[in-house]
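A quick write-up on the structure given underneath.
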Amino acid sequence: MENKKPNRCIACTVQQCAHHAEKENFCSLDKIMVGTHEMNPTVSQCVDCESFILKSGDCKTCGK
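Everything in the sequence shown is counted per my numbering, starting at 75 for the first residue and increasing by one.
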């Protein structure tokens with residue numbers, strides 16, 4: 075497993091993401107893209123981290 079340097083400006087608790095810093099709840103990217111899947115986002119559930127990439131081996135439905 076690769077040791078990823080945490081970016082302390084980007085907190086993240088999504089451990090299934092390939093960019094998660096592993097030992098700490100931070101992203102390892104220099105920057106992220108935040109987007110929305112809604113026409114008029116009004117709550118935090120309407121926004122998404124578009125930099126998310128599923129870690130290899132974490133897909134329960136596809137087995138990858």
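Yeah, the Cβ is synthetic: ideal placement off N, Cα and C, and Gly gets one too.
- DSSP places Cys120 within a helical segment (H, G or I) once states are collapsed to three.
- Nearest neighbour of Glu124 by Cα position, chosen from His93, Arg82 and Val108, turns out to be Val108.
- Measuring C-alpha to C-alpha distances from Thr110 to each of Ser102, Gln119 and Ala92 identifies Gln119 as the nearest.
- In the same chain as Cys101, and ignoring 5 residues on each side of it, the C-beta atoms closer than 6 Å to its own belong to Asn81, Ile84, Cys86 and His93, in chain order.
- Bridge partners of Thr110 according to DSSP: Val121.
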